[in-house]
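Visitor:
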Amino acid sequence: MWLVTGLAMLAAGGAPADVHSYARPAEVRVTHIDLDLEIRFAEKVLSGSAVLYLNRAPGIRAPLRLDTRDLTILRVSAGRSAGAGGAARMSEAKWTLGARDPILGSELTIQAPDDADLVRIEYRTSPEATGLQWLSPEQTAGGKHPYLYSQSQAIHARSWVPCQDSPGIRVTFDAKVRVAPPLVAVMAAEKLTSGPAEPGLFRFRMTHPIPPYLIAIGAGELVFGAIGPRTGVWAEPSVLPRAVYEFADMEKMLQAAEKTYGPYRWGRYDILILPPSFPFGGMENPMLTFATPTILAGDRSLVALVAHEMAHSWSGNLVTNATWSDFWLNEGFTTYIEHRIMETVYGRERTEMEWVLNRQDLEEELKGLADKPGDQALRIDLTGRDPDDGATDVAYDKGSLLLRLLEETYGRGPFDAFLRSWFDEHAFTSVTTDDFLAFLRERLMAKSPPVAGRTPPDLAPWIDGPGIPPGAPVATSDALEKAEEQAARWASGKAGARQLDTSGWSFHLWLRFLRALPESLEAVRMKELDDAFGFTKTGNSEILDEWLILSVRHGYEPAAAKLEQFLTQVGRRKYLKPIYQELMKTEAGKVRARAIYAKARPMYQAIARRSLDEIVGWPVPPPAS
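Letter by letter, the sequence shown follows residues 605 to 1229 of our numbering.
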């Protein structure tokens, strides 16, 4: 059951409490972390220490309370930091580890002396740490060396770093990471040079305060390829050439974002291409986005994901949601900025297609949330729930629609100036929905008159109401409408598949085409499409995922082998959930889903497993006697 003692405390500065953290920052706040970790692949653990630098509220005598999940605490000491060049004076400190809550993990309470400004925790992680994914050589592109990556969002940093794991509490950090050569360690931070006498030692530094969910680590057979003066890609050797080609426009994207939203404040922007088990499209770890290889389509068609993760350098990393109930402040803003970056680099027509498809995704998401009206709001109540439950298209696409509505209401110029001031004046802070609404009303709505024919929007239905409010922007695309027309021609029998006008189609058009097909199709009709367009063999994961869903729905067996290959090799939750959901609609599909899942589940990351276990009913109940 949930442990609520202390969770109603107010954070320093009057910020709201975070129901997903044991921390009491109004009493003692962690401001900096020194990590010293060894990556031990044989045991699937990180082992080492974390030194936490503390800021204690004046006159407050209270223990330090930290978030952990399945950490083995070996020793804790506390003391005072010394001056330059001196050694800290540390002594053993009393500590207790609370009972494990299924969502929060265990509270680590440390009784440090009142004058202590340092705490050192020696610990090791669990092989089952929810924020770490350990891969065997067979699960990598090279096939020779193991691989490790972290996924700390939303509250998984506590599974590998004892910390105050709340997005409202920001820290800087330094890190030393050891891994056996020839493996290379990377972190979402500035990479410092280690001496030639220190093989296998990697040093990192993050000088900007970030929330713990943005602390990230990776290790494997990694090489680097430069793209621009401050952009590049880390990947396995066999993957690197494709990634460098795919991301050739990174510098252009960065410049497009800077032009509108202010300077990029993080120094470098690099991308780490992970093995395909990664559960998300990308994770916006500062300076080093972690990304799925499923975006390597070979034609740069899926680089909107790069624009999205890059946009987080402003919305999410620079200005962060203070609690996970405010998640839309990260993702809605980022999705809007993603569209603006894509418009600048690739043009309005492509961007409008992406707006239309996103709206379609949102409407499908809302159907699935029909019995959960509270989850259809932007400000979502996650009390007593895992914050990963809030990561739906509502935060992304309803949030971005609200920002587009504000842009259309007040004009792009005033709205751009408003957003830039929002980032400038809240840089490196964590904010709530109420903070944004107050700033919006004061700095845009009260100062900029609506454009002709527009009236100020009612914000309440957007923030706290279900569904898509009346008056929401409606993007249109002539190209997508033509794709629908081609689908209708084929469905009606007016044209065979090879007679359709599909020349030069982007993946956006193919998605619209596939989504516009009839609700029921015979296998022979599916085969006609497959023979004409090669859907089962496509290298575009967005198209393939849509096609595999249709193949399950319509019983198209020639795609069965590809279906199993996809489900056992790709861990991206966005793709897996709808396929498994479709399989589970029939008794035969359930048998197939569970057989495949039994093989694939060990490869899936913990976040994906949690979602998919529920869908497939895992573990499978025994047969009735």
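Where is the CB? At the ideal position from N, CA and C, for every residue including glycine.
So residue 766 and residue 725 are in contact, right, with Cβ under 8 Å, and what is the actual spacing, rounded?
Guide: Indeed, because the Cβ distance is near 5 Å, the residues count as touching under 8 Å.
Visitor: Short of 8 Å in beta carbon distance, which residues of its chain neighbour residue 1037, apart from the five on each side in sequence? Order them along the chain.
Guide: 929, 930, 932, 933, 982, 983 and 1067
Visitor: Using 8 Å as the Cβ pair cut-off and three pairs as the minimum, do the region 811-831 and the region 899-913 touch?
Guide: no
Visitor: On the premise that residue 677 lies in contact with residue 626, defined as a C-beta separation below 8 Å, what is that separation, rounded to the nearest angstrom?
Guide: At roughly 14 Å, the Cβ-Cβ gap does not stay under 8 Å, so residue 626 and residue 677 are not in contact.
Visitor: Near residue 1203, which residues of its chain fall below 7 Å by C-beta distance, leaving aside the five closest residues on each side in sequence?
Guide: 1172
Visitor: Note down the Cα distance separating residue 1014 from residue 1063, rounded to an integer number of angstroms.
Guide: CA-CA distance, residue 1014 to residue 1063, rounds to 14 Å.
Visitor: How is residue 1124 classed by DSSP in three states: helix, strand or coil?
Guide: Note: residue 1124 maps to coil in three-state DSSP.
Visitor: Please name the residue or residues paired with residue 659 in a DSSP beta bridge.
Guide: 633
Visitor: Note down, one range per segment and in chain order, each beta strand (DSSP E) of at least 3 residues found wholly within the region 752-795.
Guide: 775-782 and 788-791
Visitor: Can you find the residues in the same chain that come closer than 7 Å, C-beta to C-beta, to residue 1217, ignoring five residues on each side of it along the sequence?
Guide: none
Visitor: Quick check on DSSP: helix, strand or coil for residue 652?
Guide: If DSSP states are grouped into helix, strand and coil, residue 652 belongs with the strands.
Visitor: Going by Cα to Cα distance, which pick from 682, 706, 967 and 737 is closest to residue 714?
Guide: 682
Visitor: Check whether the region 965-981 touches the region 1089-1102, taking contact to mean three or more Cβ pairs, one atom from each stretch, closer than 8 Å.
Guide: Taking one beta carbon from each stretch, the region 965-981 and the region 1089-1102 have fewer than 3 pairs nearer than 8 Å; the two do not touch.
Visitor: On the three-state DSSP scale, how would you describe residue 1130?
Guide: helix
Visitor: Out of 1194, 1210 and 866, state which residue places its alpha-carbon closest to the alpha-carbon of residue 1219.
Guide: 1194
Visitor: Can you tell me whether residue 698 is helix, strand or coil according to DSSP?
Guide: strand
Visitor: Does the contact criterion of 3 or more C-beta pairs under 8 Å hold for the region 776-788 versus the region 874-881?
Guide: Cβ pair count under 8 Å is below three, so no.
Visitor: Taking the CB atoms as reference points, tell me whether residue 815 and residue 924 lie closer together than 9 Å.
Guide: yes
Visitor: Just how far apart, CA to CA, sit residue 1016 and residue 979?
Guide: 30 Å
Visitor: With distance defined between alpha-carbon atoms, name the residue in 794, 898, 894 and 813 nearest to residue 837.
Guide: 894
Visitor: What is the residue span of the beta strand (DSSP E) that residue 723 lies within?
Guide: 722-728
Visitor: Does the ligand MG have a heavy atom nearer than 8 Å to the CB of residue 846?
Guide: Of the ligands one can find in the structure shown there are none, so the ligand MG has no counterpart to examine.
Visitor: Which residue spans inside the region 952-996 form an unbroken alpha helix (DSSP H) run of at least 4?
Guide: Counting whole runs of 4 or more residues, the region 952-996 contains the alpha helix (DSSP H) stretches 952-972.
Visitor: Which residues in the same chain have their Cβ closer than 6 Å to the Cβ of residue 846, if we skip the five residues on either side of it in sequence?
Guide: 900
Visitor: Let me know the secondary structure DSSP gives residue 1063 once reduced to three states.
Guide: coil
Visitor: Sorted by chain position, which residues of the same chain lie with C-beta nearer than 6 Å to residue 618's C-beta, five sequence neighbours on each side aside?
Guide: Any reading at residue 618 is ruled out, since the residue's pLDDT is 44, under 50, leaving its predicted position unreliable.
Visitor: Hey, how far is the Cα of residue 1212 from the Cα of residue 1085?
Guide: 34 Å
Visitor: Thinking C-alpha only, which one of 787, 883 and 947 is nearest residue 864?
Guide: Of the candidates 787, 883 and 947, the one whose C-alpha sits nearest the C-alpha of residue 864 is 947.
Visitor: Residue 756 to residue 704, Cα distance in whole Å?
Guide: 19 Å
Visitor: In its own chain, which residues sit with a C-beta less than 8 Å from the C-beta of residue 586, not counting the 5 before and 5 after it?
Guide: Because the chain here runs from 605 to 1229, residue 586 falls outside it and cannot be looked at.
Visitor: May I ask you to report which of helix, strand or coil DSSP gives residue 802?
Guide: coil
Visitor: For residue 889, does the three-state DSSP call read helix, strand or coil?
Guide: coil
Visitor: With distance defined between alpha-carbon atoms, name the residue in 999, 1004, 1048 and 998 nearest to residue 1018.
Guide: For residue 1018, the nearest C-alpha among the options comes from 1048.
Visitor: Is the number of C-beta pairs between the region 729-747 and the region 953-972 that are closer than 8 Å three or more?
Guide: no
Visitor: Cβ of residue 659 within 9 Å of Cβ of residue 721?
Guide: yes
Visitor: Which residue wins for smallest C-alpha separation from residue 1135, given the options 906, 1101, 1159 and 1112?
Guide: 1101
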